[in-house]
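Peer 1: Questions regarding the structure given below will be posed in turn.
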Amino acid sequence: MATERKKLVIGTRGSKLALWQSEFVRGLFEDATGLRVEIKVIKTTGDKILDVPLAKVGGKGLFTKEIEVELAAGSVDLAVHSMKDVPTELPEGLTIAMMPPRVDPRDVIVSGAGYTLDMLPEGGTLGTSSLRRRSQVMALRPDLRIVDVRGNLDTRMRKAETGELDAVILAAAGIFRLGWEDRITHCIEPTQMVPAVGQGAIGVEIRTDDAFMAEVCAQLTHADTMRCVIAERVVMRRLEGGCQVPIGAYARVEAAEDEAVEGGKDKDGKGGKGGRLVMDAYVGSVDGQQQCRQHAEGGPDAPDALGEQMVEALLGSGAAGILAEIRDAEDVSGLC
C-alpha cells in the first residue's frame with residue numbers, strides 16, 4: 127500500500143486495558159501497512175478525576191476528548207477507544223472507521239466470596255459506577271446496597287476480592303482481554319442484564335479526510351461488529367443517553383438456520399451479510415422500579431433502520447416517561 131508516511135501514531139489512554147487494546151490494534155496496522163506504529167499515551171479528564179461519580183463530573187467524551195484534540199491536530203494518526211466510552215456525536219472532521227471483532231459483551235460478577243448475583247446476601251454491597259447496571263440490579267435485587275466504585279479494572283476487582291465489597295459488577299471484555307478470566311465469579315446473560323451500547327467493541331477513530339487511513343480501516347474492519355454497534359448507537363443518540371441515563375442496547379447478527387457460513391461470517395472472518403440483525407434494549411429508572419425492555423429484528427444491511435425501530439418501540443412502551451422523570455430528578459448526578 128503506497129504512502130509517503132514513515133510511521134503511524136496511535137493515541138490512547140494509559141490504563142492496562144487501553145494499552146492492551148492499542149497494542150492489539152498496532153499489530154493489525156503494522157501487518158496491513160508495513161509501517162512502524164507508535165503508541166502515544168494521552169491522559170483524559172476521566173483518568174484525572176477518580177473520586178467523583180462520572181455523571182457528577184458532567185460533559186461528554188470524558189475518556190476521549192483530549193485524544194480527539196490531538197487526532198484532529200494531526201499529532202496522532204488514529205485513536206483507539208472502548209466503544210462504550212465514545213459519545214454518539216463525534217467532533218467535526220473525525221469518524222469511527224474500523225472495529226475489530228467484538229468480544230464477550232456481557233456483564234460479570236467478581237466476588238472474593240464466590241457470590242453470583244442471585245447468591246449475594248440480603249443487604250450485601252455491590253460496587254458499580256454505572257447507572258445502567260444499578261437500575262437492572264435494583265430491579266432484580268432491590269435489597270442490595272449499591273456502592274460507587276471508580277479506578278482501573280484491577281483496583282475495582284480487588285475491592286471485591288479482599289472483602290471491602292461483597293462483589294463488583296464489570297464488563298467481561300476487559301477482563302478477558304487482560305487474561306484475568308479466572309477471577310470472574312459469574313457471567314450475567316444479556317437476557318437478564320442488557321449490556322451497554324458498544325460494550326466489548328474496540329473502535330478506531332481517524333480524520334475523515336485521511337484517505338490512506340480510511341483505506342486501511344476499510345480492509346481491517348469487522349463488518350458485523352460495525353453493523354451491530356451502529357444500531358446500538360442510534361438508540362443511545364436518539365434517546366440522548368449517556369452516563370446519566372440507564373440505557374442498554376445489545377445487537378448481534380444471528381445466522382439463518384440454513385446459513386452455510388458459520389456465524390454469518392465470510393471466509394475472511396470479516397462478517398457476512400446473511401442472517402438477521404437482532405437487538406435487545408433496556409431503559410429503566412435509577413431505582414429499577416420502572417423498566418422498559420424491547421426486542422427488534424431487521425436486515426443485516428440496515429443497522430440505522432433497526433436502531434430507529436427500536437427507539438420507536440421503547441418510546442411507545444413507556445421509555446419516554448421514564449427518561450423524563452430521570453432528567454427532571456435533582457439528585458441523579460450523584461448516582462452514576
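Taking this note's numbering, I'd label the letters of the sequence shown as residues 127 to 462. Just so it is clear, CB atoms sit at the ideal spot from N, CA and C, and this is done for glycine as well.
List the DSSP bridge partners of H421.
Peer 2: D406
Peer 1: Contact between the segment 146-162 and the segment 352-371: three or more CB pairs below 8 Å?
Peer 2: These segments do not touch.
Peer 1: Which residue marks the beginning of the beta strand (DSSP E) containing E331, and which one marks its end?
Peer 2: Start and end: 328-333.
Peer 1: Mark S443 as exposed unless 16 or more other C-beta atoms lie within 10 angstroms of its C-beta, in which case mark it buried.
Peer 2: Burial call: exposed.
Peer 1: Could you tell me how far apart the beta carbons of T242 and T311 are, in whole angstroms, since I believe they sit closer than 8 Å?
Peer 2: Right, the Cβ-Cβ distance comes to about 6 Å (below 8 Å), so this counts as a contact.
Peer 1: Just the C-alpha distance for V342 and M225, rounded to the nearest angstrom, thanks.
Peer 2: 12 Å
Peer 1: So, helix, strand or coil for R162, using DSSP?
Peer 2: strand
Peer 1: According to the Cβ coordinates, are V212 and G137 closer than 7 Å?
Peer 2: no
Peer 1: What residues are listed by DSSP as bridge partners for T221?
Peer 2: Note: T221 sits in a beta bridge opposite I332.
Peer 1: Are the CB atoms of G240 and L143 nearer to each other than 7 Å?
Peer 2: Going by beta carbons, G240 and L143 fall outside the 7 Å limit.
Peer 1: If you drop the 5 nearest sequence neighbours on each side, which residues of the same chain put their C-beta closer than 6 Å to that of G367?
Peer 2: Closer than 6 Å at Cβ, skipping near neighbours: I373.
Peer 1: Apart from the five residues just before and just after E156, which ones in its own chain have a Cβ nearer than 6 Å to its Cβ?
Peer 2: If you ignore the 5 residues before and after E156, its C-beta comes within less than 6 Å of the C-beta of V163, all in its own chain and listed in chain order.
Peer 1: Would you call K210 buried or exposed, if buried means 16 or more other Cβ atoms sit within 10 Å of its Cβ?
Peer 2: buried
Peer 1: Starting from A455, trace the alpha helix (DSSP H) in both directions and tell me its first and last residue.
Peer 2: Counting along the chain, A455 falls outside any alpha helix (DSSP H), and DSSP gives it neither H nor E.
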